[in-house]
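J.: Got a structure here, written out as structure tokens. Questions coming.
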Amino acid sequence: MSIMMNVPRLLILPRLLILPRLMIFTGLLLLPGQFYTQASNVSATSESTAASSSGSYFKSETGSSVNGSLTNEITANFADVKNITGTVPYHGNGDGVDFKTKHQRVNIETTISRLFDEAKTSPTTPNYFPEFYLDSDFQAEDLVSSGQETDDVFNCKPCSCSRSKSGRLMANCTYLHLTTVPTGLPKDTWSVDMSYNDLNEFNITSIMPYPSLARLKISNNRKLTKISKGVSQITVLPLTHLDLSNNHLTFIEDSSFSALTKLYNLTLRRNNITKISNGTFDGLEQLTILDLSNGTYRLEIGAFDALINLKLLDLSCICQLGYGVKFLPPRLLQPLAMLQYLYIHGSTRTEEVHYPSSSLKQLTSLIGLSVDGMPDIHTFGEDVRSLKNFSHLQIGLGDRCLMKNLTKIFFKNIPHITSFEITSCSPLASLSSDAFTGVNLTRLSFSYLANYDLFRAFQDLKQFQHSTLRSLSFIHLYHQGPPCTFLSGRDAVYLQNIDLDELDLSRNRLALLGDDFIKKLPSTLKKLILRHNRFVNDTMTISVFRPLQQLVELDVSYQNIHVSDYSGKCQRSLLHEQAESVHITSRYYSGHDDVNEYDSISRSANAENMQILRSVEVERKVGNITTDSTPSAEYIKPKPTSDDPRLKVKVVHSTYYNGFGMSLISGKDAKNSSVQEIDVSYSFLSSWGLGKLPRNVRRAIFRGNYCQRISNDFFQTRNGLLYLDVRENFLGPGFASDLSGTVFAHLSQTVYLDIRQNLIYELPVQFFKGLQRIQTLKISDNKLGYLNCNFSHMRNLTFLDVSRNSITSISAEVRDHLDSIASSHSLYVDLSLNPLPCTCAMIDVLYWVAQTKVVFVNKHLLQCRYETGQIVAMGDVQSRLSALQKSCASFTLVIVICLCCLAVISVIFTTAMMYKYRWKLRYWRAIALAKLVGFTPTVPTTSKYKFDAYILYTEETRDFVIEECIRELEEKRGHKLCFEERNFMPGSLIVSDIVSAVRNSTKTVPVVTPGFYKGKYAEYGVNMALVEEVHERRSVVHLCVYHASPVEDMPCDLLRVMKRRTYTEYPPLEQASEDLVNIFWDKLSLAIGHTDKDTNVCEQIH
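Each step along the sequence shown adds one to the number in full-length UniProt numbering, with nothing skipped, and position 807 is 807.
Now the structure itself:
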């Protein structure tokens, strides 16, 4: 088709060039930043921030710093997704963002949303999404994207920590100039982010102090050059995700990862590693995802031998890798029998101009492949035909695509392909008329093709008539020339016979879709994406889409945003980028989420990601929408009906300020439309009164529109609006003048309202009178000083967020209203980072905070303002209240007397308890001294006790013990005895020796005489043995009564033992016949028993 034939369909619309109107808002672009930093300004003056600061600072887009201890809380309100690095999200209009990165992330986000949803809902569309990314170890409550992952943020020097709803502890250690892994973090730390530090070397053993650590991110450490194994690793570490990307690694010691036997995901992209040896990945049998992209590696044969369970391998953009046998030999990939996704685009050396078919043959489980496009004469070889699961092929993502014409022969040996994508392949100029004959595609995508335009692409659809194609994407298929494009019915002539579910025509400079074009679109179409085009309110209305009865989602976001020409540099692999974005939009963190995932720990925080994320945030297809910082907020989406399917409309980031988005959904032809969800964020809608919001809209988002006024009739009566987000506007002055509450008077069905960041300094008492069913109300990040609104009618309220305001007083009526609600169900209120009064005049507010049933979120961030104006951390509210009550009551004398009495009572009580338990205290003191000086004996492995008996005697019975006991018990009866003179080490502490002897002997045998307690350590030894009985719950003391004494003269301790009948009495001297003496020794021998006979009898305690 010649250019002359296209001229009539290329429009030049003067309305697109109305720059004076846009200039009105130029001065407003910088205003949001003035109040976005309000929270950080408040926290900078608070004592709590200074006291709890970890020294961590997180860089914002403008170069300002946000205190690390409060980062997770402050950044949660700058974007729907809290990023783990603390970077403030980008709020611009898209200009100046590197195009290739932005395009790629748009592609990633839209693809991941589509594929993930289709995999779960469509029985006919194959699942292209790598399911193994849905890590079962990372539950939904840990995601970062909902912003609800943390119940608490606290200081864990040198980092800042938080816990997820599931209890997992996550540490943020970014931007701290750390040179080693911190050793003082809590032992149960689950996730650590150490990005942007100064590590020189990473030793795997440095994370051994954390037995629960599952996710570790050490990226962008520009001094990090080496990974070492360190000492021999015995402990198996539980790490599952390790991110070492964007460092300057040059060397990895063999077997460095051998202790990480549970590692699931390893990222080494963008490093300078010279060689991946056959021992680099030893021990990683469970590794599932490996990213080696954008490097200079040389792969040795056998490098992947240990990776028997690997499912995704990214080798894209490696300059040392080619497709020939020399660079990608079959033996290299042979162990990867489980591999499902392989990315080798951008790695073709100039001398290699054919596909690596012989190497791919080894990958029997292969599903998806991203590869450079070879010249037309080259196709996949016969070896690939045997890959029955090979269904997804992506061509040209790198900068070395050489394909000029796509023909039937290309698919000859890959007949199982169902998804085909060709991107950034500049030489491609044509398709043969039968190129896709015999291929049952369900998804086709052409994007960024410099020599293949949109009109030619529509004509080439002739070969797909009545085919299995369900998803079609024609993205950025235009060339230099007129700024606008018009599509008519003849462009859709071949579309009407294809049962498409989804059509993506983004970035094609479209300004007008003819009615005949819309009518010829497939009646089965459910999703139409028209992002980054040039529609305005005069060229598009919602009524034009009425013929599409099955349409449920219309995306016309980013209209009139400048679209740069594509730069064909080597790009990241698509599905791997998708997996990275899952950390934000699906079940992954870190970071999120995580986050909730926080990647987990790998959550991207760059401006491009945040900007693109806004355009897809409505696409989260979940039954319940839980919003950031909301303990309990439920939004039930309306159920579609077969005869009137719901329609989601997104018009975010439209620079055509005069109301394109509003006219699209509020025009006279849209009143009876099926639009139920709209998003017209960041579209310069300064006044919402051009039309009325349709009654059937259930979810509406108007973020960042610089709006100053909402007309009283904008929300119609009997509307069904459930979810309303109007944050990041200038609605505060208008709200202050709405004394009767007419703006929201008709929102009786609304359950979620977000009016954060609107410069609100005052809210009238009846402002919220229309919100009868509200559940979640967010008023944070404003300038509200006095809270006196009427909440009595909000019986369903579960979460009220008024954090980061300037609240110094809460009226008694508001306190009563909230107490009444809290009496029927749980009510969560966030009052953090407000200068609450700590004065005698306002003590009733503090008393209410301490005594109410309302649950306060982030209590650790409550602030207290003194009469002098000083703001400090609230700390424990009850303690703060008690202190204030005492100072206000002026009962100093009473307090002093009470304290003195308490001190006297404490001293008396302590003294009495110490006397009562004096022997236990001495026992433990002796044990502590023994451990301190190293006198604790090593217990033999063959017996529990070293000695049969410890003989406790005095000078009076010394001869009896030395002469007779040794002879009768050791020599004749084979016992092992412990004596002071023989077994105690000279110069040691006698008290410790006695305790050690008692603990290492089966029995302690005091040789009792009437003067036994006159011995220096006799009483001490007996009491230590008695305490040992209590502590070990065994019989220890057995008395040897050598000379009996009257009962009244016996010490109480010995008398208690006698009453237990645990003693043996030596025959009186006048009756001591040889037989009686032998009987005595036999009884005593039987009482003390024998230990292991292999142990040296003469072995000393020490």
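All C-beta atoms, glycine included, are put in the ideal place defined by N, C-alpha and C.
What you are looking at is a predicted structure, and each value in this text was computed from that prediction instead of being measured.
#1: Within the chosen definition, does the segment 681–699 reach the segment 711–730 through at least 3 CB pairs nearer than 8 Å?
#2: Could you pull out every residue in the same chain whose Cβ sits closer than 7 Å to the Cβ of residue 888, ignoring the five residues on either side in sequence?
#3: Tell whether a beta-carbon distance below 8 Å holds between residue 828 and residue 857.
#4: Flag this pair as touching only if the segment 1056–1071 and the segment 943–956 have three or more C-beta atom pairs under 8 Å; answer yes or no.
#5: Rounded to whole angstroms, what is the Cα-Cα separation between residue 766 and residue 740?
#6: Expressed to the nearest angstrom, what Euclidean distance is found between the alpha-carbon atoms of residue 988 and residue 1008?
#7: Decide if the segment 722–739 is in contact with the segment 752–770; the criterion is three or more beta carbon pairs, one per stretch, under 8 Å apart.
#8: Considering Cα atoms alone, identify which of 1072, 1031, 1029, 1014 is closest to residue 1050.
#9: Report buried or exposed for residue 156, applying the criterion of at least 16 other Cβ atoms within 10 angstroms of its Cβ.
#10: Going by DSSP, name the residue or residues bridged to residue 778.
#11: Inspect the CB distances between the segment 872–887 and the segment 900–909 and report whether three or more fall short of 8 Å.
#12: So the candidates are 1005, 1045, 1020; which of them puts its Cα closest to the Cα of residue 1035?
#13: Per the DSSP calculation, residue 694 is bridged to which residue(s)?
#14: If we ignore side chains and look at the alpha-carbon of each, how far apart do residue 815 and residue 795 end up?
#15: Could you tell me if residue 1117 is buried or exposed, where buried requires 16 or more neighbouring beta carbons within 10 angstroms of its beta carbon?
#16: Among 480, 495, 446, whose alpha-carbon lies nearest the alpha-carbon of residue 463?
#17: Name the DSSP beta bridge partners of residue 392, please?
#18: Do residue 455 and residue 414 have their C-beta atoms within less than 8 Å of each other?
#19: Taking contact to mean at least 3 C-beta pairs separated by less than 8 Å, is the segment 288–306 in contact with the segment 329–349?
#20: Per DSSP, which residues does residue 1064 bridge with? Please list them.
#21: Helix, strand or coil for residue 873, going by three-state DSSP, please let me know.
#22: Would you report the Cα separation of residue 330 and residue 362, rounded to the nearest angstrom?
#23: Return the first residue and the last residue of the alpha helix (DSSP H) that residue 214 is part of.
#24: If I'm right that residue 229 touches residue 193 with Cβ under 8 Å, what's the distance once you round it to whole angstroms?
#25: So is residue 1103 buried or exposed if we call it buried at 16+ other beta carbons inside 10 Å?
#26: DSSP state of residue 1085, grouped into three classes?
#27: Would DSSP call residue 835 helix, strand or coil?
#28: Within a Cβ cutoff of 8 Å, which residues of the same chain sit near residue 1139, ignoring the five residues on either side of it in sequence?
#29: Checking 8 Å against the spacing of the C-beta atoms, do residue 1011 and residue 956 come in under that value?
#30: In angstroms with no decimal places, state the Cα-to-Cα distance between residue 1126 and residue 748.
#31: Using the three-state DSSP reduction, which class does residue 77 fall into: helix, strand or coil?
#32: Can you look up residue 263 in the DSSP assignment and give me helix, strand or coil?
#33: With H, G and I counted as helix, E and B as strand and the rest as coil, what does DSSP make of residue 856?
#34: State the CB to CB distance for the pair residue 429 and residue 452, rounded to an integer number of angstroms; the pair is presumed to be in contact (CB under 8 Å).
#35: Indicate whether the contact test is met: 3 or more Cβ pairs, each with one atom in the segment 545–552 and one in the segment 482–497, closer than 8 Å.
#36: Per DSSP, what kind of secondary structure is residue 923 in: helix, strand or coil?
T.: On the basis of the data shown:
#1: yes
#2: For the purposes of this step, residue 888 is identified with residue 888 of the sequence shown, where counting begins at 1. So the qualifying residues of the chain are 840, 843.
#3: As a working note, residue 828 is residue 828 in the sequence shown. As a working note, residue 857 is residue 857 in the sequence shown. The answer is yes: Cβ separation under 8 Å.
#4: no
#5: Within the sequence shown, numbered from 1, the residue matching residue 766 stands at position 766. Within the sequence shown, numbered from 1, the residue matching residue 740 stands at position 740. Taking the straight line joining both Cα atoms gives about 6 Å.
#6: Here the question's residue 988 lines up with position 988 in the sequence shown. Here the question's residue 1008 lines up with position 1008 in the sequence shown. C-alpha separation (whole angstroms): 26 Å.
#7: yes
#8: Locating residue 1050 in the sequence shown gives position 1050, counting from the first residue. When only C-alpha atoms are compared, the closest one is 1014.
#9: Position 156 of the sequence shown holds residue 156. Buried is the call here.
#10: What you label residue 778 is simply residue 778 of the sequence shown in a count that begins at 1. Paired residues: 754, 801.
#11: no
#12: Translated into positions along the sequence shown, residue 1035 becomes position 1035. Of the listed residues, the one whose Cα sits closest to residue 1035 is 1005.
#13: Residue numbering aside, residue 694 sits at position 694 when the sequence shown is read from its first letter. None; residue 694 has no bridge partner.
#14: By 1-based counting over the sequence shown, the position of residue 815 is 815. By 1-based counting over the sequence shown, the position of residue 795 is 795. Whole-angstrom Cα-Cα distance: 14 Å.
#15: For residue 1117 there is no data in the structure shown, the boundaries of the chain being 1 and 1102.
#16: In the sequence shown, the residue the question calls residue 463 occupies position 463. Of the candidates 480, 495, 446, the one whose C-alpha sits nearest the C-alpha of residue 463 is 495.
#17: Residue numbering aside, residue 392 sits at position 392 when the sequence shown is read from its first letter. Residue 392 pairs with 368, 419.
#18: Against the sequence shown, residue 455 aligns to sequence position 455. Against the sequence shown, residue 414 aligns to sequence position 414. For residue 455 and residue 414, no; Cβs fall outside 8 Å.
#19: yes
#20: Start at 1 with the first residue of the sequence shown, and residue 1064 comes out as number 1064. Answer is 1040, bridged to residue 1064.
#21: Within the sequence shown, the letter at position 873 stands for residue 873. Correct three-state label for residue 873: strand.
#22: Looking up residue 330 in the sequence shown gives position 330. Looking up residue 362 in the sequence shown gives position 362. Roughly 7 Å separates the two Cα atoms.
#23: Within the sequence shown, numbered from 1, the residue matching residue 214 stands at position 214. First-last for residue 214: undefined, no H or E at that position.
#24: Residue numbering aside, residue 229 sits at position 229 when the sequence shown is read from its first letter. Residue numbering aside, residue 193 sits at position 193 when the sequence shown is read from its first letter. Not a contact, Cβ separation roughly 23 Å.
#25: Since the first residue of the chain shown is 1 and the last is 1102, residue 1103 is not available in this structure.
#26: As a first step, residue 1085 must be located in the sequence shown, where it is residue number 1085. Reduced to three states, the DSSP call for residue 1085 is helix.
#27: Position 835 of the sequence shown, counted from the start, is the residue given in the question as residue 835. Strand at residue 835.
#28: No answer is possible for residue 1139: it lies beyond the span of the chain, which begins at 1 and ends at 1102.
#29: As a first step, residue 1011 must be located in the sequence shown, where it is residue number 1011. As a first step, residue 956 must be located in the sequence shown, where it is residue number 956. Taking 8 Å as the Cβ cut-off, residue 1011 and residue 956 qualify as a contacting pair.
#30: Here the chain covers residues 1 to 1102 and nothing more, so residue 1126 does not appear.
#31: The residue given as residue 77 occupies position 77 in the sequence shown. Confidence is the limiting factor: at residue 77 the pLDDT is only 34, short of 50, which leaves the residue's position unreliable and the question unanswerable from this model.
#32: Translated into the one-based positions of the sequence shown, residue 263 becomes position 263. Note: residue 263 maps to coil in three-state DSSP.
#33: Locating residue 856 in the sequence shown gives position 856, where the first residue counts as 1. If DSSP states are grouped into helix, strand and coil, residue 856 belongs with the strands.
#34: Reading the sequence shown from its first residue, position 429 is the one you call residue 429. Reading the sequence shown from its first residue, position 452 is the one you call residue 452. About 6 Å; that satisfies the 8 Å criterion.
#35: no
#36: One-based indexing of the sequence shown puts residue 923 at position 923. Correct three-state label for residue 923: helix.
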